[in-house]
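Basically my numbering = 1-based index in the sequence shown + 3.
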Amino acid sequence: MRNKKLINNVDTLSYKTISANKATVDKQWVLVDAEDQTLGRLASKVAKLLRGKHKPNFTPHVDCGDNVIVINAEKINLSGNKWNDKTYIRHTGYPGGQRSLTATEMFGKDPARLVEKSVKGMLPKNKLGAVLFRNLNVVVGSAHTHEAQKPKTINLEEFK
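This is the structure we're talking about:
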């Protein structure tokens, strides 16, 4: 008799896996300050926010992450000798067309591109990764054009 009662209790509990889709996902606007942050550590946390891995209803094949605004991209840090040793390689498409820039040179041209490139490298390399990357806005300085969305400021030291 006791076992039957226990079985009935288990039957009433609900263990359903929730799978998010475009209609049920809750996307928010998040503001991240890059001042005095290490580039790689900042990029990995921003990629996690973009992907939505911090949410309980994370679904791998759906864009369930937040829209992220990164401000103060010009105040980013790189550890060690990475300012001179880290190189970014691209190819023009022509024979002998390999070009490279150091982190210092890329930072001199556009500091926002340094942050964008490091975050993009931590996103999936498929169509979903391209969609997620569009949810990232990197700004040089503290003024951004998304005040109307009322972004919530996140402290990355507390975020895991």
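All C-beta atoms, glycine included, are put in the ideal place defined by N, C-alpha and C.
- Remark: C-beta atoms of L159 and V35 approach each other more closely than 8 Å.
- Taking a contact as a CB-CB distance under 8 Å, the pair G68 and N24 does not count as one, their CB atoms being some 14 Å apart.
- In the three-state reduction of the DSSP assignment, N24 falls in the coil class.
- Using a 10 angstroms sphere on the CB of F110, the tally of other CB atoms reaches 16 or more, which defines it as buried.
- The beta carbon of W86 is closer than 7 Å to those of A106 and T107 in its chain, skipping five residues each way along the sequence.
- Judged by pairs of C-beta atoms under 8 Å, the region 70-87 touches the region 34-50, as three or more such pairs exist.
- Take M125, set aside five residues on each side of it, and the residues of its chain with a beta-carbon closer than 7 Å to its own are A46, S47 and A50, in chain order.
- Annotation: the continuous beta strand (DSSP E) that includes T90 extends over T90 to H94.
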